[in-house]
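According to numbering that gives the first Met the number 0, the residues represented by the sequence shown are 0 to 291, in order.
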Amino acid sequence: MHAHAAAFASGPAKTQRPLGAETTGQAAQHKDFPFPDSAEGMPKNDGQCMAASKRSLLHNVSLNESAMDYKELLQSCQSIRAISALHECALNLPDDGWRVLRYLQQEVAQMQMAILPAMRIDGDLLLTKHEKNSSHWYEARNLACLFIDGDLTVTGDLLDCDYHGLPILLVRGNMTMRNWLRGGMSTFVHGHVSAQGYIIGHYNDSALFVGGALHAQGYMPRARPYPDMQDVIPHQIQGGVFARQFDIEGAENEDYLAAFAPEVLGGEDGYIWLEEDLVIERQLAGLPVWRT
């Protein structure tokens with residue numbers, strides 16, 4: 000993190016054409032999948048619309064291993080844009096959200112973002128996974144941001160299972176999921192966030208700025224301020240939080256024991272922690288996660 004972040008002004012820049020609008024009606028111009036497993040043959044950032052896959056996003060998949068992953072998701076990429084186009088975003092965010100977003104934009108100024116349409120995914124969606132070295136996969140394709148141009152609805156769990164900060168996730172609409180495991184992927188949401196179950200901060204839980212409200216059975220953030228932006232609370236929900244809350248960052252053993260059912264806790268060498276996968280398993284089984 001660098002000191003220039005403090006100079007950011009709040010609020011979006013004005014634009015006559017919001018980001019994503021140029022993709023309308025152009026998806027059929029290109030047929031090739033824009034993110035091959037090899038970085039060779041990656042499209043140049045010419046602002047032209049890339050492939051919109053004909054493949055249906057509707058699946059009946061189970062947790063984790065059979066989830067739709069980021070490679071499948073990006074088959075629906077509509078266009079590739081320079082990350083500098085973030086100034087065109089017509090997003091409703093807290094002022095600090097714009098400050099953080101513009102900071103991140105400068106950190107990855109030479110990279111690109113993928114524009115995807117509003118979508119519904121029946122099943123789990125795996126956006127990152129440390130064991131799959133997903134951060135390297137994104138970086139090899141010079142991809143720093145996923146921009147969903149509308150609502151993102153995931154009937155299963157939304158899984159960010161890596162501690163790296165890229166890619167950034169922007170949603171120009173509402174986000175809906177069963178459970179959301181949050182790792183290092185900074186997320187900016189125009190509308191509301193609604194989880195049937197739990198929103199859980201994993202290791203390196205990163206920025207979350209929401210223009211609407213957050214609804215869930217439980218909201219367990221674990222975020223710390225950016226080192227050079229200590230005055231910015233890393234999670235800000237403009238419309239309010241409508242969920243039982245537990246701040247994992249800084250929690251002591253007695254806090255965990257007082258708040259959670261023992262079945263979702265782990266421990267070793269005198270330390271107690273929340274086992275995120277057990278929270279999700281209990282939610283799927285209809286069993287209690289909170290102690291009372």
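From the three backbone atoms N, C-alpha and C, an ideal C-beta is built for every residue, glycine too.
Below 8 Å on the Cβ atoms is my contact criterion, and I expect residue i with residue j to pass it. Report the Cβ-Cβ distance as a whole number of Å.
| i | j | result |
| --- | --- | --- |
| A250 | G217 | Going by Cβ atoms, the distance from A250 to G217 rounds to 14 Å, so no, they are not a contact pair. |
| R92 | F208 | First, the residue type needs correcting, since residue 92 is Leu and not Arg in the sequence shown. So it is a contact: roughly 5 Å between Cβ atoms. |
| A194 | G122 | The Cβ separation is near 16 Å, so there is no contact. |
| N178 | G196 | 4 Å |
| L165 | C88 | In fact, because the Cβ distance is near 17 Å, the residues do not count as touching under 8 Å. |
| D161 | H129 | 4 Å |
| F206 | V99 | In the sequence as presented, Phe is not what sits at residue 206; that position holds Ala. A206 to V99, Cβ: 5 Å. Contact. |
| R181 | D150 | Contact doesn't hold; Cβ gap of about 19 Å is too wide. |
| N132 | M110 | 18 Å between Cβ atoms; not a contact. |
| M219 | I247 | 5 Å |
| I271 | N252 | 4 Å |
Three-state secondary structure (DSSP) at residue i?
| i | result |
| --- | --- |
| Q77 | coil |
| I279 | helix |
| A6 | In this prediction, A6 has a pLDDT of 24, which is less than 50 and means its spatial position is unreliable; what the coordinates show is noted afterwards. Of the three classes helix, strand and coil, the one that applies to A6 here is helix, per DSSP. |
| G200 | strand |
| D95 | helix |
| L165 | coil |
| S52 | Reliability fails at S52, whose pLDDT of 27 lies under 50, so the model's placement of it is uncertain and the value that follows must be treated cautiously. Correct three-state label for S52: coil. |
| R181 | strand |
| L100 | helix |
| D254 | helix |
| R16 | Here R16 scores only 36 on pLDDT, less than 50, and its place in the model should not be relied on; the value that follows carries that caveat. Coil. |
| E87 | helix |
| T186 | strand |
Considering only DSSP beta bridges, list what residue i is partnered with.
| i | result |
| --- | --- |
| H234 | L207 |
| F259 | W289 |
| M67 | L124 |
| Q111 | A81, L142 |
| E267 | Y270 |
| Q244 | Y218 |
| V153 | I120 |
| M176 | A194 |
| C160 | K128 |
| L213 | V192, V240 |
| D292 | Residue 292 falls outside the range modelled here, since the chain spans only 0 to 291, and no answer is possible. |
Just checking: is the beta-carbon of residue i within a distance shorter than 8 Å of some beta-carbon in chain B?
| i | result |
| --- | --- |
| D268 | Absent from the structure is chain B; it holds one protein chain and no more. |
How about residue i: is its Cβ closer than 7 Å to a heavy atom in the ligand SAH?
| i | result |
| --- | --- |
| G190 | You won't find the ligand SAH in this model; it holds no ligand whatsoever. |
task = Taking 8 Å as the threshold, find out whether the region 246-261 comes into contact with the region 139-154 through three or more Cβ pairs.
result = no
inquiry  = With three or more C-beta pairs closer than 8 Å as the rule, is the region 224-240 touching the region 261-273?
reply    = no
ask   = Within the chosen definition, does the region 140-147 reach the region 104-117 through at least 3 CB pairs nearer than 8 Å?
value = yes
ask   = Taking contact to mean at least 3 C-beta pairs separated by less than 8 Å, is the region 183-190 in contact with the region 68-81?
value = no
query = Taking one C-beta from the region 92-101 and one from the region 215-232 each time, how about it: are there three or more such pairs within less than 8 Å?
reply = yes
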